[in-house]
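Numbering (this note's numbering), first residue to last: 158 to 467. Don't be surprised by glycine CBs; every beta carbon is placed ideally from N, CA and C.
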Ligand code: NAP
């Protein structure tokens, strides 16, 4: 059976779009299957300052659009569909979507990941009514109001700093007394008059009436609990790989659900590659996702033109 495509790329984030650019420029018939909108995490990032070539930084959505346009210019196609399953054991690989099945000679998995949930009472109940996972999407709803950011990593501090431009005050609730975020972000956060910190505290419950109006927080050193008033809660407590659709396939995953690859982005299954945040040991940076995507496309090209031993 002749497959529909040379390469199906699952996921239209930075890794997937970079893979698409290199695949189409190698004249492989390529499609990107994306569930929502191309860009992945950069789409929900205000300004990106650490991607080389943009000394003044670039707005995440602008960069996402440019990446998509660049891949499209050389013939890459994007189809919006939710991938549900893979059947990749044979020579012709099948990517099974909610709408349709896509067949190809090679598959590149670039599904990235999703924000972790905190897992406390009230989090789900108040989602969209004060609880958010995206400051750049929802920050405007909290203009001149006090908000809380939960977490101490790059995402929490980056998005928290963005919120200082809109909100009245941004309180970072972190479970330790030291941030994990990069030094440059830490310095900015500590210098911001609109950001303060509730160190060594965890959130036990999100409370409110029709909308969030307070949190139940606990001092992890003393075990003492109290209520903390706030209008908005932005949760940035890490990230997990989006590999639900791979679980019934033979693609090997590690314990945390990342796809296992070698440095050529090859999985143990010939013709199946993975790149970006979804793969094991990813640095989870935009630049490394782009590099991974390029390597995956070059490996797919070699596989298609030279066979699995190429
Ligand atoms: P992360 O680096 O894993 O940080 C997660 C933070 O959440 C940590 O501070 C962690 O605390 C805290 N946390 C985890 N589980 C928690 C829980 N149950 N309750 C309370 N706090 C909890 O994740 P991330 O910030 O999402 O970043 C993910 C990756 O994307 C990183 O590699 C990061 O560098 C990258 N990124 C980079 C930028 C940038 O460069 N500007 C922006 C966004 C993301 P502990 O510190 O105690 O573990």
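Please confirm if the segment 186–204 is in contact with the segment 164–171, defined as three or more CB-CB distances below 8 Å between the two stretches. yes
Buried or exposed: which applies to residue 198, given that a residue is buried once 16 or more other Cβ atoms fall within 10 Å of its Cβ? Position 41 of the chain shown, counting from 1, holds the residue named residue 198. Buried: at least 16 other Cβ atoms inside 10 Å.
Measure the beta-carbon distance from residue 311 to residue 342 and round it to whole angstroms, keeping in mind my assumption that it falls under 8 Å. What you label residue 311 is simply residue 154 of the chain shown in a count that begins at 1. What you label residue 342 is simply residue 185 of the chain shown in a count that begins at 1. With a Cβ gap of about 6 Å, residue 311 and residue 342 count as contacting.
With a CB to CB cut of under 6 Å and the five nearest residues on each side skipped, what residues in its chain are close to residue 425? Start at 1 with the first residue of the chain shown, and residue 425 comes out as number 268. Counting only Cβ-Cβ distances below 6 Å, and skipping sequence neighbours, we find 409.
Go ahead and pull the three-state DSSP assignment for residue 311. For the purposes of this step, residue 311 is taken as the residue at position 154 of the chain shown. Residue state, collapsed to three classes: helix.
On the DSSP bridge assignment, give the partners of residue 237 in chain order. Counted from its first residue, the chain shown places residue 237 at position 80. Note: residue 237 sits in a beta bridge opposite 191.
Compare the C-alpha of residue 293 against each of 234, 218, 330 and name the closest. Translated into positions along the chain shown, residue 293 becomes position 136. Nearest option by C-alpha distance: 218.
For residue 416, which option in 300, 356, 244, 267 has the closest C-alpha, if you only look at C-alpha atoms? In the chain shown, counting from the first residue as 1, residue 416 sits at position 259. Checking every option, the nearest Cα to that of residue 416 belongs to 267.
Compute every distance between the C-beta of residue 442 and the non-hydrogen atoms of the ligand NAP, then say whether any falls below 7 Å. In the chain shown, residue 442 corresponds to position 285, counting from 1. True, at least one ligand heavy atom lies under 7 Å from that Cβ.
Beta strand (DSSP E) runs wholly inside the segment 197–241, at least 3 long, in chain order: 234–237
Using C-beta distances below 8 Å, list every residue in its chain close to residue 467, excluding the 5 sequence neighbours before and after it, in chain order. On the chain shown, position 310 is the one that residue 467 refers to. Confidence in residue 467 is poor, its pLDDT being 48 and thus under 50, which makes the residue's placement unreliable; the coordinate value appears in the next sentence. So the qualifying residues of the chain are 459, 460.
Cβ atoms of residue 196 and residue 170: under 8 Å apart, would you say? Position 13 of the chain shown holds residue 170. Position 39 of the chain shown holds residue 196. The answer is yes: Cβ separation under 8 Å.
Kindly confirm or deny that the segment 277–291 and the segment 358–375 touch, where touching means at least three C-beta pairs closer than 8 Å. yes
Under a Cβ-count criterion, where at least 16 other Cβ atoms within 10 Å of its own Cβ denotes burial, should residue 392 be classed as buried or exposed? In the chain shown, residue 392 corresponds to position 235, counting from 1. Residue 392 is buried by the Cβ-count criterion.
Could you say which of 359, 300, 205, 455 lies nearest to residue 309 if we only look at CA atoms? Here residue 309 corresponds to residue number 152 of the chain shown, with the count starting at 1. Nearest C-alpha to residue 309: 359.
Any contact between the segment 210–229 and the segment 376–392? By contact I mean 3 or more CB pairs, one from each, below 8 Å. no
Rank 361, 179, 178, 406 by C-alpha distance to the C-alpha of residue 276 and give the top, closest one. Here residue 276 is taken as the residue at index 119 of the chain shown, counted from 1. For residue 276, the nearest C-alpha among the options comes from 361.
For residue 339, verify whether its CB is less than 7 Å away from any heavy atom of the ligand NAP. Counted from its first residue, the chain shown places residue 339 at position 182. Yes.
Using 7 Å as the cut-off, classify the Cβ of residue 166 as near or not near the heavy atoms of the ligand NAP, replying yes or no. Reading the chain shown from its first residue, position 9 is the one you call residue 166. Outside the cutoff, so no.
Which word fits residue 395, buried or exposed, when buried means at least 16 other C-beta atoms lie within 10 angstroms of its C-beta? Here residue 395 is taken as the residue at index 238 of the chain shown, counted from 1. Classification for residue 395: exposed.
Sheet register partners of residue 244 (DSSP bridge): Along the chain shown, one-based indexing puts residue 244 at 87. 251, per the DSSP bridge assignment.
On the premise that residue 261 lies in contact with residue 162, defined as a C-beta separation below 8 Å, what is that separation, rounded to the nearest angstrom? Position 5 of the chain shown, counted from the first residue, corresponds to residue 162. Position 104 of the chain shown, counted from the first residue, corresponds to residue 261. With 8 Å as the limit, residue 162 and residue 261 qualify as a contact, their Cβ atoms being about 4 Å apart.
Just how far apart, CA to CA, sit residue 302 and residue 338? Residue numbering aside, residue 302 sits at position 145 when the chain shown is read from its first letter. Residue numbering aside, residue 338 sits at position 181 when the chain shown is read from its first letter. Between residue 302 and residue 338, the C-alpha separation is close to 25 Å.
The ligand NAP heavy atoms versus the CB of residue 332: any closer than 7 Å? If you number the chain shown from 1, residue 332 lands on position 175. Checking the Cβ of residue 332 against the ligand NAP gives yes.
What are the boundary residues of the alpha helix (DSSP H) that residue 393 is part of? Counted from its first residue, the chain shown places residue 393 at position 236. Taken as a continuous stretch (DSSP letters only), residue 393 belongs to no alpha helix (DSSP H), as it is neither H nor E.
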